[in-house]
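If you read the sequences in order, they're chains A, B and C. Under this note's numbering, the first residue of the first sequence is numbered 4, with each subsequent residue one higher. Under this note's numbering, the first residue of the second sequence is numbered 182, with each subsequent residue one higher. Under this note's numbering, the first residue of the third sequence is numbered 357, with each subsequent residue one higher. Inspection log for the structure reproduced underneath, given as structure tokens.
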Amino acid sequence: MKWGIRIMPREVLLDSQGRAVEGLLKQNHFQLSTCRVGRYIELDLQETTEENAKIEIKKMLDFALYNPLIETYTIERLNL
Amino acid sequence: MKTEKTLSPELQKKCQRYRISSSEYHKISDLLGHEPQGIEWALFSALWSEHCSYKSSKIHLRKFAYKNLSVLESEGENAGVVDLGFGEKIAFKMESHNHPSFIEPFQGAATGVGGILRDIFTMGARPIALADYLCFGDIEAPRMKSLVQGVVSGISSYGNCVGVPTVTGQTVFHSSYNNNILVNAMAVGLITEDMKMARSKASGVGNWVVYVGARTGKDGVHGASMASESFDSNNEAKKPNVQIGDPFFEKLLIESCLEILDQDLVVAMQDMGAAGLTSSSFEMASKGQVGITLHLDQVPMRDSTMTPEEILLSESQERMLLICKPENFDKIQKVFAKWDLEAQKVGEVKSERTVDIFWKNEKLVSIDPDLLVENAPRYDREFQKWNSPNKTNLKASTLSDLSKNHPLDFITKAPQSMNFCSREWIYKQYDQRVGARTCKDAKSSVAFLQLPSNRGLSITLGCRPSVMRMDAFIGGQDSVFFPALQMAVKGAQAVAVTDCLNFGNPEKINIMSEFVASVEGIAEAAKAIDAPVISGNVSFYNETQNQNITSTPATGVVGLRKDLENIPADQFTTQGQVVYWLRAPWVIGLHSELLTENKQMNIEAKPHFEGRLDSEVVAAWIRDLSLFVNENDIAVSKVVGDGGLFESLRRMSLGDFGFHGHQKFFETVNFEKIYSETFYEVILAVDISKQFDFQKSIEEFCQRHQSQVYEIGWAQEGKFEIPGLMEVKTEELIERHQKGWGVL
Amino acid sequence: MKIGITRFPGTNCDYDVEKMVQHFSHTPVWLWHQDKFDIQSVDAVIIPGGFSYGDYLRCGALASRSPVMSSVREFAEKGKPVLGICNGFQILCESGLLPGALTRNEGLKFIDDWSSLEVDNPNSFFGSRLQKGQTLNLPIAHGEGRYWIPAEGLKKLHDHQQIWLKYKKNPNGSMNDIAGVMNEKKNVVGLMPHPERALALWMGGQDGMEFL
């Protein structure tokens, strides 16, 4: 069962990478209001039910995958 | 030799694909006793490539034969090793990663650093310093800004993470590198008395061949033969060849390899560089005069679809091959497991001198390693004896043109050129102090590191491409003398040299002539100063669409100083320091861009010169100068380099103190002396209390060496001034010096 | 005194810290990342800098979840002194032993330089001779040293005098120029600069001598 986790810097925090990419895009005349840069993690789990998988993923997130102080996450089911 | 039959169209095609010439094809058939089959094609293609075999350069590299008693290892090994006494040995080498860096600057430069580090710790040395020699094109040329940024961040990301400080470097910009940048990395390693030096000679029948480190993937397949080929405009298609480096993995590999050496578990060790498993296994067998079996299906793979040929040629990074006694394998595996790495037996050493390659118990090939290593072709490419085409009388007209510009213009406008502005933007991205040995960092003209014996290890890079454009033989000499002189004015003596010879297409007679001339120049200079060339690398075919780079024989020079106390500074440090100009004008010329192709100042001249460098005389001068500096409390010192006297004084004024020139001196001195680039001259400054003693001994020095010395001024706080001629605040000089990088 | 020095895969200032510890005639004790240790066996712990786990995922994130760190936590909870330098500081923040987080430098580039620092509040164990307001010169070398903490956290830092060192000229965009902080009990401290690289004049400065 494949899952995707999107991790983004919290809104309150200066996203220095996002700011740089945004600047570059704007300099090159792309139309956009903001740009933010995060990371994406793919997990392939043995779990058979979605519920159990989510519990497992939550545990992994809390263990190491994200830092609640500076990041937020969303998870999504892949290859449905 | 048999008359060569013309090859059938299919064979021609195959030869082209494997980059084997038709004469090489016939030679291979003769050596094998049959036409090459199956995997033999790939083996010969890789090991007979220019990159692995040095086929165009080998006969000239013999000119570096001079060694002295301190040299423990040289060309035959992964890196040269010099004994410094006090139980300290230094392993070092320099290598190019030009083509990969042009295609993918970040990964190309990063893996260049990774590769040279492996050459060092393969010898059992702990890497303690990195240095980079970079040549970029005109900054406005297509892609150039992103190439500069990519290369610098690649080096920064790899070197910093792996924990080896980058302590010095050289960065040059010139349009001849527009389509072919140079990225040369040098690494220096330390072997202390309690450490064990390693070698790459396989030995001991029945010993195991063990693969350690990263798994093998398809990255970099055919990389070695790519590096031996000129560029075309179709480089995008070559992307898959680029290898990806992992400095974290390399760090684990360094620690685990040094640990197994420490426990004496290894017979021989070799990194998998160009042509990967092929070159490492065949070279180990050939050097050891033994045979080995190799089971390709046992090689740890990242990709299960890999073919035997791809496994043999993969240039996946961070891998090593080692030979151990069977009883030590478990212990080796344990050490690697501790560092989260794999160690896998892939073969055995045998007495019969063949390399037998198996795939799932089927023997793919059995071949004498010497056929591929020792019998690789040697080409005596056509060249002309060097006749110094730019040697002429120094043209008075050019000099008077130059002198029409006000000296203030030289002082203030120089940093508008990429070649004369601050390199801080680059070196601030490098960790220069990890290891806690750094005494003088990349800001200094010469880097110094503390050795365990408390002596200073000096490192600096050589080769001024503008001098090479002036004259290839002097350029070669200067690649050794200039860095050695830079060390001498800091009180250090050059000990040994490594080189990285970057040239265009060796099949062109003018390129080959420059190659031979500069190799001879380097060899002669290195011998004269008793600093043997102990390792090196040749990078040919730096040619894109028929345009060749400036021939660039980069060097890395390592030296010694008795301690780290009172190393003369690069900039004036105290009010009133008395400034002297010491000259030994063996060669007077014009070469740097500042004096020959300076658009801002309407200067356009061809590089030219008069005179010659007698290596023995120059070497004696440099040696004596180093002693002189140590005995005479020199506070500040600098070798006058590109741009001549004013440019050097400008650089010495980039601190709290500037230069105050004696009005009379500057009114009466002739232009030739000021506006030319002289080989060699140095600026020395002493504190005012030392002036009397200094004058006495410098006069003796000048008599001994037929040099001239002039007292030209003193150091003064806050400004650069020559009364009646110019005045500028040091603050302004510093600001202009930093601003040069504003274009990035 | 016995000073434990942690080693993670990718730690690269371990020998430098060992030299510093020996310099002060203390006994270094290696603490391997996969092993827990007896908290009675050492008197203080230093977490050296480097690129633990290659800085992958987030700096210090993976190291902070290792067995040795659970012992360090236990050790710290007993009120014993712990110092994190550079990546060690990042590890302490990731493990929650120090407040806040270290994020990518504002300029996005790695910075190696000498930086001028001011002591905001002295620490009683590491750098006990330092006075409030004293100026220090230490090298910095990091790509992710921009200290960040939510507003309420920052207020707490001020209220409890937990700000240890401040940059006089902010190199990386750190909040309030913070270069080093302490926990509330003041036994756990972390800083981005490298005192172990400034122990002698030949190194360019010796203010690092004040830290042990």
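Cβ atoms here follow ideal geometry from the backbone N, Cα and C, with glycine treated the same way. Quick caveat, the model's predicted, so the values are computed rather than measured.
Does residue i come within less than 7 Å of chain C when only Cβ atoms are used?
i	result
B:K819	no
B:L794	no
B:C342	yes
A:I10	no
A:L48	no
A:I73	yes
A:A56	no
A:N82	no
A:N70	yes
Please tell me whether residue i and residue j are closer than 7 Å, where the distance is taken between their beta carbons.
i	j	result
B:F721	B:F662	no
B:E862	B:S796	no
B:L826	B:I855	yes
C:G564	C:A554	yes
C:L458	C:Y409	no
B:L741	B:S818	no
B:Y358	B:G426	no
B:Q872	B:V759	yes
Please go through the same chain and pick out, in chain order, the residues whose beta-carbon is closer than 7 Å to the beta-carbon of residue i, but skip the five residues on each side of it.
i	result
B:I690	E563, F564, Q565
B:R307	G370, L371, L439
B:D484	G398, K399
State the Cα-Cα distance for the pair residue i and residue j, rounded to the nearest angstrom.
i	j	result
A:G21	A:G7	21 Å
B:C438	A:E45	33 Å
B:F838	B:G268	41 Å
B:D805	B:P588	32 Å
B:A418	B:F601	In this predicted model, B:A418 has a pLDDT of only 49, less than 50, meaning its place in the structure is not dependable enough to derive any value.
B:I815	B:Q752	12 Å
B:K382	B:L503	10 Å
B:Y199	B:A466	23 Å
A:M63	C:D399	33 Å
A:H32	C:I519	43 Å
C:M425	C:I441	15 Å
B:S237	B:D561	7 Å
B:I441	C:L439	31 Å
B:F430	B:K519	13 Å
B:G214	B:A456	25 Å
B:I320	B:Q658	29 Å
If you measure from the beta carbon of residue i to each beta carbon in chain B, is any gap under 7 Å?
i	result
C:A497	yes
C:N368	yes
C:R363	no
C:K465	yes
C:F407	yes
C:G410	yes
Can you find the residues in the same chain that come closer than 6 Å, C-beta to C-beta, to residue i, ignoring five residues on each side of it along the sequence?
i	result
C:H382	M357, I359
B:T573	H789
B:I435	F302
C:L448	G440, L454, G546
So, at 8 Å on beta carbons, what are the nonlocal neighbours of residue i in its own chain, with the 5 sequence-adjacent residues on each side left out?
i	result
C:F466	A497, H498, G499
B:D744	N635, R636, G637
Contact criterion: CB-CB distance below 7 Å. Does residue i meet it with respect to chain A?
i	result
C:P535	First, the amino acid is wrong: residue 535 of chain C is Ala here, not Pro. By this cut-off, C:A535 is not an interface position.
C:A457	yes
C:E462	yes
C:A417	yes
C:R421	yes
Count the CB pairs spanning the region 611 to 627 of chain B and the region 693 to 702 of chain B that are closer than 8 Å, and state whether there are at least three. no
Tell me whether the region 213 to 222 of chain B and the region 261 to 279 of chain B touch, counting them as touching only if at least three CB pairs, one residue from each stretch, are closer than 8 Å. no
Is it a yes or a no for the region 368 to 379 of chain B touching the region 269 to 282 of chain B, going by three-plus beta-carbon pairs under 8 Å? yes
Three or more C-beta pairs under 8 Å: does that hold for the region 466 to 486 of chain B against the region 234 to 241 of chain B? no
Are the region 469 to 478 of chain C and the region 513 to 533 of chain C touching, with three or more C-beta to C-beta distances below 8 Å? yes
Count Cβ pairs between the region 310 to 330 of chain B and the region 274 to 293 of chain B that sit closer than 8 Å; are there 3 or more? yes
Within 8 Å, do at least three Cβ pairs link the region 773 to 788 of chain B to the region 664 to 676 of chain B? no
May I ask you to verify whether the region 378 to 396 of chain B touches the region 643 to 663 of chain B, counting CB pairs closer than 8 Å and requiring at least 3? no
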